[in-house]
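Mind the numbering: the sequence shown is residues -19 to -1, 1 to 298 in mature numbering (1 follows the signal peptide of the UniProt record, and there is no 0), read in order. We put the CB at the ideal spot given by N, CA and C, even for glycine.
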Amino acid sequence: MPSLLPLLTLLALALTASAANSIKFINHCPHNIYFWTVGPGTVDPRGHDWEHILVPGSGGSVVHGMVNTELLGGGFSLKMRDVPRYEVAPAGIIQVEYHLEPTRNRIWYDLSAINCNHAAGNMDPAFCPLIAGGLRVHVPGRKEGQCPPAWCSGGGCFNTYLTHGSWLGEPTFACDAGVDIMVETCTEGVGPRTFDGQIELPVESAPVQPGMLSLDGSCGVKDGGGGNGYVCAGSRWGECCSEFGFCGNSPVHCAAGCQNPFGTCTPSSPMSDYDYMAAVAVADIEVETARVTATKTTMQTIIATETRGGHPVPSKA
């Protein structure tokens, strides 16, 4: 099955077509990432651990509405990490920084990998997160000469601050106001994750229990998790619940992968060669239906995440 990564990225771009002056995080990593919005010294939020904003893994996204920083005396920093803590030093972080000036119709932005140790391994809290898997900051629909990208690839970073100071040609870039800046993680794969001494266990959904008689031919636990728990035994669809969550009496339904808690796993009657081939064809359709349903569910999850995902930070004078 082809990778969903390009499709998910295109969908994410489409969902933000109407946004403006925002920074959108798209997390292609299989794990969550976190960021903190930190303003100039006299402006809240300060970026305490408990103020982190979570970006769900596997294509999740969150939008940060840019703050008008023109009167604040400095820009905002979005500090990124792959664990939900950074207040206690040392703590390696990657930063996306911006300064919005509406009166000049400009957004200044940069990517910084200064506040981490590039020589450290992931067991060191100063480890540079997210670099090894690939990271990209870019403005969709704009040429690189208009709004230059910054990125990390192959363990190195480009158009990125790697040392402190100011110099001619330093990697601070400008773009017309009204655009969206995209921050994408794990663009090349999954790199090592920071280990800070606390193991985060994956959240598992509660197991599906056998329930009522199937009303529509579906049953049990769907491939990949979830399901309605419907039971096939006694239904008009067949006695066996296949591994893909459909009722039937064919060997395809009742043999390997048959879900015993949701029906019997023995065909109720022998089948002719013709009936068997027909059942195999039906099972192939059911497998494809399950795959398409899983893909649709993934897309709906991303859309729901986007719908709930805005985290605009209020401006304070």
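| Item | Value |
| --- | --- |
| Using only alpha-carbon positions, find the residue among S199, A158 and L111 that is nearest to G172. | L111 |
| Please name the residue in E82, F6 and P242 whose C-alpha comes closest to that of L52. | E82 |
| Within a Cβ cutoff of 7 Å, which residues of the same chain sit near P71, ignoring the five residues on either side of it in sequence? | P106 and A107 |
| Please say whether N86 and G41 have beta carbons closer to each other than 7 Å? | no |
| Can you find a heavy atom of the ligand FAD that lies under 6 Å from the Cβ of E151? | What this structure holds is no ligand at all, so the ligand FAD is not there to describe. |
| Determine the contact status of T166 and L116, defining contact as a CB-CB distance below 7 Å. | yes |
| Quick check on the DSSP output: what are the complete beta strand (DSSP E) runs of length 3 or more inside the stretch 102 to 182, in order along the chain? | 116 to 119, 131 to 134, 137 to 139, 154 to 157 and 161 to 166 |
| Can you tell me where the beta strand (DSSP E) holding V36 begins and where it ends? | I34 to V36 |
| Using 10 angstroms around the beta-carbon of P129, count the other beta-carbons present and answer buried if the total reaches 16, otherwise exposed. | buried |
| Spatial neighbours of C156 within its chain, please: CB distance less than 6 Å, with the 5 preceding and 5 following residues excluded, ordered by chain position. | I88, V120 and C128 |
| Look at the Cβ atom of G170, then the Cβ atom of C213, and state whether they are nearer than 7 Å. | no |
| How big is the Cα-Cα spacing for N96 and W31? | 20 Å |
| Would you mind giving the Cβ-Cβ distance between G122 and N98, rounded to the nearest angstrom? I have them listed as a contact below 8 Å. | That belief does not hold up - the Cβ atoms of G122 and N98 are roughly 36 Å apart, past 8 Å. |
| In the DSSP assignment, find the unbroken alpha helix (DSSP H) run with H234 in it and report its ends. | P232 to C235 |
| Considering only residues of the same chain and omitting the five flanking positions on each side of G215, which have a CB-CB separation below 7 Å? | L194 |
| For P21 and G102, what's the separation of their Cα atoms in angstroms? | 31 Å |
| In the DSSP assignment, find the beta strand (DSSP E) that holds T50 and state where it starts and stops. | First-last for T50: undefined, no H or E at that position. |
| Under 7 Å between the Cβ atoms of A33 and Y15? | According to the sequence displayed, residue 33 carries His and not Ala. Taking 7 Å as the Cβ cut-off, H33 and Y15 qualify as a contacting pair. |
| How many Å lie between C133 and M104 at the Cα? | 21 Å |
| Pull up the distance between the alpha-carbon of residue 350 and that of S58, whole angstroms please. | Summary: the structure shown does not reach residue 350, with the chain confined to residues -19 through 298, and so no result is reported for it. |
| How is the beta strand (DSSP E) around M61 delimited, first residue to last? | F57 to R62 |
| Taking only three categories from DSSP, how would you classify D91? | strand |
| Using only CA atoms, which one of T168, E125 and L92 lies nearest to H145? | L92 |
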